[in-house]
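Enquirer:
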Amino acid sequence: MKRDFLTIWDLSRIEIEGMLRRAIDLKSGVDSNKCPLIGKSIGLFFEKPSTRTRVSFEVGIYQLGGQAIYLSPKEIQLGRGETIADTARVLSGYLSGIILRTYSHSSIEEFAMHSTIPVINGLSDLHHPCQAIADLMTILEKKRRLKDIRLAYIGDGNNVANSLIGAAARTGIEMVIACPKGFEPNQDVLKRAGNKEDAENAGEIIIVRDPKEAASRADVIYTDVWVSMGQEKEAGKKKAKFKNYQINKQLLQYAKKDVIVLHCLPAYRGQEITDDIMDGPNSAIFNQSENRLHTGKALLEFLL
Ligand code: CP
Ligand code: NVA
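In this text, residue positions in the sequence shown follow my numbering: the first is -6, and each later residue adds one.
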């Protein structure tokens, strides 16, 4: 049976832990000559721009011995009205797996339903699970544990926040989200992460309004853009609502001394985060972006 990776919930806690161990091994060069994707072609269909997801997967596929084929909506018939279902069936006949970046999460679900090959969510309006795996790896590398880490997510309750909530719930991270009213993470995600009857849930998820309260005693401070791809029309309104939610020197004073700062990138320097924090001693942001490569490879090995 094929396995998809559409949301973080598609992996059990044990599977996530195994994937993190494998990514750390891959980063340190263990089995770096293994080529499990020899003879396999992997598609990348992206409706939105991407630097990290596209390049890290293309490089990772090459390093694992496979071929990456980039498909843009303008260049395949899907962009002219061929259905998602037909495209999924056709591409399943050629490819061994596909990474999709779409506006609507339901497009990825529909593709997965009609394809016989593993589908990886490379970001949708609701989830960004590949990013969350790289975030966990970075926290583990820097803090040596995930359980009982206090992670403050300051900003928009968006796709990145939704996946991080699942990742935190699975691995025992205490996640405190500070966001303005009306910009909370997805309610279904919160409900699922907060379900005490799910034995896979180990971490506590809390929502507050005050960024200082979230940052207080934090081991990790995380932020993302205030205006996600596809929300450009709301930019003016959102920037005004989020102006007190910036990661800066003042906010960092509430956190633990050895706090690490994460951002999935791309960043709007001077908006959600200041230059001095992005480039300062607490920033693990560029380790985090590098880890997209290692975790992407571990994920491909696992699914294909
Ligand atoms: N973090 C991330 O997914 O970046 P890209 O949009 O550049 O892929
Ligand atoms: N929330 C951002 C993440 C970019 C990687 C967006 O969806 O644009």
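The beta-carbon is built from N, C-alpha and C at its ideal position, and this holds for glycine as well. None of these values were measured; they are calculated from a predicted model.
1) State buried or exposed for Pro42, treating a residue as buried only when at least 16 other CB atoms are found within 10 Å of its CB.
2) Please name the residue in Ile7, Lys231, Ser49, Lys232 whose C-alpha comes closest to that of Ala127.
3) Could you spell out where the beta strand (DSSP E) holding Ser34 opens and where it closes?
4) Could you tell me which of Ile132, Asn26, Asn151 sits nearest to Arg143, measuring between CA atoms?
5) What does a CB cutoff of less than 7 Å around Arg262 pick up in its chain, not counting 5 residues either side in sequence?
6) Let me check you understand the geometry: is the CB of Arg45 closer than 7 Å to at least one non-hydrogen atom of the ligand CP?
7) With H, G and I counted as helix, E and B as strand and the rest as coil, what does DSSP make of Leu139?
8) Assuming Gln80 is part of the alpha helix (DSSP H), what are its boundary residues?
9) Ignore the nearest five residues each way along the sequence and tell me which others in Lys135's own chain have a CB closer than 7 Å to its CB.
10) Would you list the residues sitting across from His256 in a DSSP beta bridge?
11) How do the stretch 142 to 159 and the stretch 214 to 222 stand: do at least 3 beta-carbon pairs fall below 8 Å, yes or no?
12) In terms of residue numbering, what span does the beta strand (DSSP E) encompassing Ala171 cover?
13) Under 7 Å Cβ to Cβ from Gly53, same chain only, skipping five residues before and after it: list those, please.
14) Mind checking who Gly90 pairs with in its DSSP beta bridge?
15) Have a look at Ser89 and Ser21 and give me their C-alpha separation to the nearest angstrom.
16) For the alpha helix (DSSP H) that contains Ala154, what are its first and last residues?
17) With DSSP run on the structure shown, which of helix, strand or coil describes Val48?
18) At the level of alpha carbons, what is the spacing between Glu159 and Val182?
19) When you compare the stretch 8 to 26 with the stretch 189 to 196, are there three or more beta-carbon pairs, one atom per stretch, that lie closer than 8 Å?
20) Applying the 10 Å Cβ sphere with the 16-neighbour rule, what's the burial state of Ser117?
21) Nearest to Arg202 by CA position, among Lys236, Gln264, Met222, Ala186, is which residue?
22) For the ligand CP, I want to know if Pro259 counts as a neighbour, meaning its beta carbon is within less than 7 Å of at least one of the ligand's heavy atoms.
Expert: Quick answer:
1) exposed
2) Ser49
3) From DSSP, the beta strand (DSSP E) with Ser34 extends over 34 to 39.
4) Ile132
5) Asp268, Met271
6) yes
7) coil
8) The question names Gln, but residue 80 is Thr in the sequence shown. Note, Thr80: alpha helix (DSSP H), 77 to 85.
9) Ile253, Ala277
10) Partner(s): Thr216.
11) Contact between the stretch 142 to 159 and the stretch 214 to 222 is present, because at least three Cβ pairs lie under 8 Å.
12) Element bounds for Ala171: 167 to 171.
13) Leu286, Gly289, Lys290, Leu293
14) Ile35
15) 27 Å
16) 152 to 164
17) Three-state DSSP puts Val48 in a helix.
18) First, the residue type needs correcting, since residue 159 is Gly and not Glu in the sequence shown. Cα to Cα, Gly159 sits roughly 7 Å from Val182.
19) no
20) buried
21) Closest by alpha carbon: Lys236.
22) yes
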